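Enquirer: Note that our numbering numbers the sequence shown so that position 347 is 348, with each residue one more than the last.
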Amino acid sequence: MTELGAKVRQVVAKGSNTFTQLSGPRLGLSQVQRPKTCDHFRVESYSSSRKKSPGKTQSMANVPITSRKAYRRTDDYTPGTPRVQLGTETLPLPLTATSVLIKVYAVSLNYRDANIANGGNPWPVTPHGIPCNDAAGEIIAVGEGVRTLKIGDRVAPIIDTENLTGRESTRSWLAADEDGVLADYLVFAEEKLTKLPDHLDWVEACLIPCAGVTAWTALKDIGVGKSVLIQGTGGVAMIALKLARAAGLKVILSSSSDAKLERIRKQFSDPPIFTTNYATNPQWHEEVLELTGGAGVDLVVEIGGTQTLVKSMKCTRRGGTISQVGYLSKQSLEDLAEFLPLLIDRRINLRGINGGSKLEQEDLCAALSATQMRFKDIIDKVYDFTDADEAIEDIWQGRQVGKLVIRVT
Numbered sequence: 002m003t004e005l006g007a008k009v010r011q012v013v014a015k016g017s018n019t020f021t022q023l024s025g026p027r028l029g030l031s032q033v034q035r036p037k038t039c040d041h042f043r044v045e046s047y048s049s050s051r052k053k054s055p056g057k058t059q060s061m062a063n064v065p066i067t068s069r070k071a072y073r074r075t076d077d078y079t080p081g082t083p084r085v086q087l088g089t090e091t092l093p094l095p096l097t098a099t100s101v102l103i104k105v106y107a108v109s110l111n112y113r114d115a116n117i118a119n120g121g122n123p124w125p126v127t128p129h130g131i132p133c134n135d136a137a138g139e140i141i142a143v144g145e146g147v148r149t150l151k152i153g154d155r156v157a158p159i160i161d162t163e164n165l166t167g168r169e170s171t172r173s174w175l176a177a178d179e180d181g182v183l184a185d186y187l188v189f190a191e192e193k194l195t196k197l198p199d200h201l202d203w204v205e206a207c208l209i210p211c212a213g214v215t216a217w218t219a220l221k222d223i224g225v226g227k228s229v230l231i232q233g234t235g236g237v238a239m240i241a242l243k244l245a246r247a248a249g250l251k252v253i254l255s256s257s258s259d260a261k262l263e264r265i266r267k268q269f270s271d272p273p274i275f276t277t278n279y280a281t282n283p284q285w286h287e288e289v290l291e292l293t294g295g296a297g298v299d300l301v302v303e304i305g306g307t308q309t310l311v312k313s314m315k316c317t318r319r320g321g322t323i324s325q326v327g328y329l330s331k332q333s334l335e336d337l338a339e340f341l342p343l344l345i346d347r348r349i350n351l352r353g354i355n356g357g358s359k360l361e362q363e364d365l366c367a368a369l370s371a372t373q374m375r376f377k378d379i380i381d382k383v384y385d386f387t388d389a390d391e392a393i394e395d396i397w398q399g400r401q402v403g404k405l406v407i408r409v410t
């Protein structure tokens, strides 16, 4: 048992947003310790060089920043044309009483960003909006009414700025309903932000809001010692893999690439990961059943949609759970002919996962801080700020294993 695994077993517990503890009392949501203040902050590069910030308070008058560099979507879907364009624009200043100004250090990409940039989003989006919803940065100025944050705090916005508790009836998604975060400076209301774990550098920390929180909520309530099928080798899948292994789960990973599966098996060899290739084995669900002694997995992190959902149900144990995270395959209702009989017969709990709330983001950050979990081993490539269009094309083509990150500053 690794030291990290032992810590996760002790800290990450079953509650409304957490896993089951291996031994000892359960930790409910209220028992997860969220950091209340930061006495200091760090500015860290991905190469692990660190420097202390002076940590002084500043007024807006002392911040000579009135404009920012930001990428906006071109909304031109012609093959071979850029999907985003860099420009300079005026910052929304002065700050309101409860807003803060953030210097952005890193932004991570998700498949959703490339999908929107290529016109594939199923819902309307803001024309020529700023892409991306995963960012990590440092507060450099605060409005006069800000009470929960201060200059120098390391923060990330939540990806649905209306989803504070999980009970809100409205939504506003970054990079879709409103501008995203692919810029060197951002302005946010303090209630839309969470503090970041101090041990993560900027490149690691920017993985938290979308991919991190999605993986966290997809795995909740499963329990130590259970089994999980994780589909794909992208950002959500790799963070889910790390969280699942640290929580003592048996992991089965599926992909269409033998090369990617072999790379991940070598990288995470102890304990071993079981894999299946759905491209070369159309009956991959039967292989999953064999790997679980015929019972099926306790949980599926499902990203395919209609083309894979029925087979995912066939290899989920009776009373098990499917967390529907995405729909990357071509969607067709004809693929769902067996859906209702399987749902009823296998008593499957099918739940939609659409990121998470501010509370869930705080819980994930608290768990990461307690366990000191790192994400360096699942970051595939880090791009310069000027190479954002290349990064979007790479994730659109599925060239990565894990996360792609843009270093902004």
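The beta-carbon is built from N, C-alpha and C at its ideal position, and this holds for glycine as well. Remember, it's a predicted structure, so these values are computed and weren't measured experimentally.
By Cβ distance below 7 Å, which residues in the same chain neighbour Tyr186 in space, the five residues on each side in sequence not counted?
Expert: Walking along the sequence shown from the start, residue 186 turns up at place 185. Hits under 7 Å: Ile66, Arg69, Leu92, Leu102, Ile103, Lys104, Val105.
Enquirer: Compute the Euclidean distance between the alpha carbons of Leu292 and Val229, then round it to the nearest angstrom.
Expert: Position 291 of the sequence shown, counted from the start, is the residue given in the question as residue 292. Position 228 of the sequence shown, counted from the start, is the residue given in the question as residue 229. Rounded to the nearest angstrom, the two C-alpha atoms are 11 Å apart.
Enquirer: Taking the DSSP output, what are the residues bridged to Ile349?
Expert: Stepping through the sequence shown from its first residue, residue 349 is reached at position 348. None, per the DSSP bridge assignment.
Enquirer: Using DSSP bridges, identify the partner residues of Leu175.
Expert: Working through the sequence shown from its first residue, we reach residue 175 at position 174. DSSP, once it has assigned bridges, lists Glu179 as partnering Leu175.
Enquirer: Pull up the distance between the alpha-carbon of Val1 and that of Ile152, whole angstroms please.
Expert: Limits of the chain in this structure are 2 at one end and 410 at the other, which puts residue 1 out of reach.
Enquirer: When the Cα of Asn111 is compared with those of Thr89, Ala136, Gly88, which residue comes out closest?
Expert: Within the sequence shown, the letter at position 110 stands for residue 111. Selected option, being the one with the closest Cα: Ala136.
Enquirer: For my contact list, Leu208 and Ser109 are in at a C-beta cut-off of 8 Å; report their separation, rounded to the angstrom.
Expert: The count along the sequence shown starts at 1 and reaches residue 208 at position 207. The count along the sequence shown starts at 1 and reaches residue 109 at position 108. Their Cβ separation, rounded to whole angstroms, is 5 Å, which keeps Leu208 and Ser109 in contact under 8 Å.
Enquirer: Using CA coordinates, which residue listed in Val326, Val311, Arg352 is at the minimum distance from Pro342?
Expert: In the sequence shown, residue 342 corresponds to position 341, counting from 1. Nearest C-alpha to Pro342: Val311.
Enquirer: Name the DSSP bridge partner or partners of Gly88?
Expert: Along the sequence shown, read from residue 1 onward, the residue named residue 88 stands at position 87. Within the DSSP secondary-structure output, Gly88 pairs in a beta bridge with Ala71.
Enquirer: Measuring only the C-alpha atoms, how far is Gly56 from Cys366?
Expert: The residue you call residue 56 lines up with position 55 of the sequence shown. The residue you call residue 366 lines up with position 365 of the sequence shown. At Gly56 the pLDDT is 38, less than 50, meaning the model places this residue with poor confidence and gives no usable figure here.
Enquirer: Using only alpha-carbon positions, find the residue among Thr97, Ala115, Pro210, Gly120 that is nearest to Val156.
Expert: One-based indexing of the sequence shown puts residue 156 at position 155. Considering only alpha carbons, the answer is Pro210.
Enquirer: Can you tell me the Cα-Cα spacing of Thr234 and Thr171, whole angstroms?
Expert: Position 233 of the sequence shown, counted from the first residue, corresponds to residue 234. Position 170 of the sequence shown, counted from the first residue, corresponds to residue 171. Cα-Cα distance, rounded: 31 Å.
Enquirer: Taking only the alpha-carbon atoms, compute the straight-line gap between Ala392 and Asp180 and give it to the nearest angstrom.
Expert: In the sequence shown, counting from the first residue as 1, residue 392 sits at position 391. In the sequence shown, counting from the first residue as 1, residue 180 sits at position 179. Taking the CA atoms as reference points, Ala392 sits about 19 Å from Asp180.
Enquirer: Quick check on Asn116: does DSSP put it in helix, strand or coil?
Expert: Along the sequence shown, read from residue 1 onward, the residue named residue 116 stands at position 115. Here Asn116 sits in helix by DSSP.
Enquirer: Rounding to the nearest angstrom, what Cα-Cα distance links Lys261 and Ala142 in this structure?
Expert: Residue mapping note: residue 261 aligns to position 260 of the sequence shown, counting from 1. Residue mapping note: residue 142 aligns to position 141 of the sequence shown, counting from 1. Each residue's Cα considered, the two are about 43 Å apart.
Enquirer: Can Thr218 and Ser324 be called in contact, C-beta distance under 9 Å?
Expert: The count along the sequence shown starts at 1 and reaches residue 218 at position 217. The count along the sequence shown starts at 1 and reaches residue 324 at position 323. Cβ atoms of Thr218 and Ser324: closer than 9 Å.
Enquirer: Less than 9 Å between the beta carbons of Arg74 and Ala118, yes or no?
Expert: Against the sequence shown, residue 74 aligns to sequence position 73. Against the sequence shown, residue 118 aligns to sequence position 117. Their beta carbons are under 9 Å apart, which means Arg74 touches Ala118 by this criterion.
Enquirer: What does the alpha-carbon distance come out to for the pair Phe189 and Ile131?
Expert: As a position in the sequence shown, residue 189 is number 188, starting the count at 1. As a position in the sequence shown, residue 131 is number 130, starting the count at 1. About 14 Å.
Enquirer: Under 7 Å Cβ to Cβ from Gly353, same chain only, skipping five residues before and after it: list those, please.
Expert: As a working mapping, residue 353 is identified with position 352 in the sequence shown. Answer for Gly353: Gln325, listed in chain order.
Enquirer: How about His200 and Ser330: do their beta carbons lie closer than 9 Å?
Expert: Within the sequence shown, residue 200 is the residue found at index 199, counting from 1. Within the sequence shown, residue 330 is the residue found at index 329, counting from 1. Cβ atoms of His200 and Ser330: not closer than 9 Å.
Enquirer: Using CA atoms only, rank isn't needed, just tell me which of Asn278, Arg318, Pro273 is closest to Gly294.
Expert: Within the sequence shown, the letter at position 293 stands for residue 294. Of Asn278, Arg318, Pro273, the residue nearest in Cα terms is Arg318.
Enquirer: For Thr293, name the three-state secondary structure that DSSP assigns.
Expert: Translated into the one-based positions of the sequence shown, residue 293 becomes position 292. Note: Thr293 maps to coil in three-state DSSP.
Enquirer: Do the CB positions of Ala238 and Leu254 come within less than 9 Å of each other?
Expert: Your numbering for residue 238 matches position 237 in the sequence shown. Your numbering for residue 254 matches position 253 in the sequence shown. In terms of Cβ geometry, Ala238 and Leu254 form a close pair [threshold 9 Å].
Enquirer: Do the CB positions of Thr307 and Ser333 come within less than 9 Å of each other?
Expert: To locate residue 307, count along the sequence shown from 1; it is residue 306. To locate residue 333, count along the sequence shown from 1; it is residue 332. Yes, the pair counts as a contact, with Cβ atoms nearer than the cut-off.
Enquirer: Quick one: what's Tyr384 bridged to in DSSP?
Expert: As a position in the sequence shown, residue 384 is number 383, starting the count at 1. Paired residue(s): Ile407.
Enquirer: Would you report the Cα separation of Gly236 and Val252, rounded to the nearest angstrom?
Expert: Counted from its first residue, the sequence shown places residue 236 at position 235. Counted from its first residue, the sequence shown places residue 252 at position 251. Straight-line Cα distance between these residues: approximately 16 Å.
Enquirer: Our contact map puts Thr99 next to Glu191 with C-beta atoms below 8 Å; I'd like the distance itself, whole angstroms only.
Expert: Locating residue 99 in the sequence shown gives position 98, counting from the first residue. Locating residue 191 in the sequence shown gives position 190, counting from the first residue. Yes, they are in contact, since the Cβ atoms of Thr99 and Glu191 sit about 5 Å apart, within 8 Å.
Enquirer: Rounded to the nearest angstrom, what separates Gly356 and Ala216 at their Cα positions?
Expert: On the sequence shown, position 355 is the one that residue 356 refers to. On the sequence shown, position 215 is the one that residue 216 refers to. The alpha-carbon atoms of Gly356 and Ala216 are separated by roughly 8 Å.
Enquirer: Does the beta-carbon distance from Ala241 to Leu220 come in below 9 Å?
Expert: Position 240 of the sequence shown, counted from the start, is the residue given in the question as residue 241. Position 219 of the sequence shown, counted from the start, is the residue given in the question as residue 220. Cβ distance < 9 Å, so Ala241 and Leu220 count as in contact.
Enquirer: Can you say whether Asp299 is buried or exposed, counting buried as having 16 or more other CB atoms within 10 angstroms of its CB?
Expert: For the purposes of this step, residue 299 is taken as residue 298 along the sequence shown, with counting starting at 1. Asp299 should be labelled buried.
Enquirer: Does DSSP classify Phe269 as helix, strand or coil?
Expert: Along the sequence shown, read from residue 1 onward, the residue named residue 269 stands at position 268. Of the three classes helix, strand and coil, the one that applies to Phe269 here is coil, per DSSP.
Enquirer: Since Lys315 is in the alpha helix (DSSP H), which residue starts that stretch and which ends it?
Expert: The count along the sequence shown starts at 1 and reaches residue 315 at position 314. 307–315 is the span of the alpha helix (DSSP H), which, as asked, contains Lys315.
Enquirer: Taking Thr127 as part of the alpha helix (DSSP H), name the residues at either end of that continuous run.
Expert: In the sequence shown, counting from the first residue as 1, residue 127 sits at position 126. Careful: Thr127 lies outside any alpha helix (DSSP H) and carries neither H nor E.
Enquirer: Output the boundary residues of the alpha helix (DSSP H) element that contains Thr162.
Expert: Your numbering for residue 162 matches position 161 in the sequence shown. According to the DSSP assignment, Thr162 belongs to no alpha helix (DSSP H), since it is labelled neither H nor E.
Enquirer: Could you tell me which residues DSSP pairs with Gly320 in its beta bridges?
Expert: Looking up residue 320 in the sequence shown gives position 319. Paired residues: none, contrary to the question.
Enquirer: In angstroms, rounded to a whole number, what distance separates the CA positions of Leu290 and Ser257?
Expert: For the purposes of this step, residue 290 is taken as the residue at position 289 of the sequence shown. For the purposes of this step, residue 257 is taken as the residue at position 256 of the sequence shown. If I take the Cα positions, the gap works out to 18 Å.
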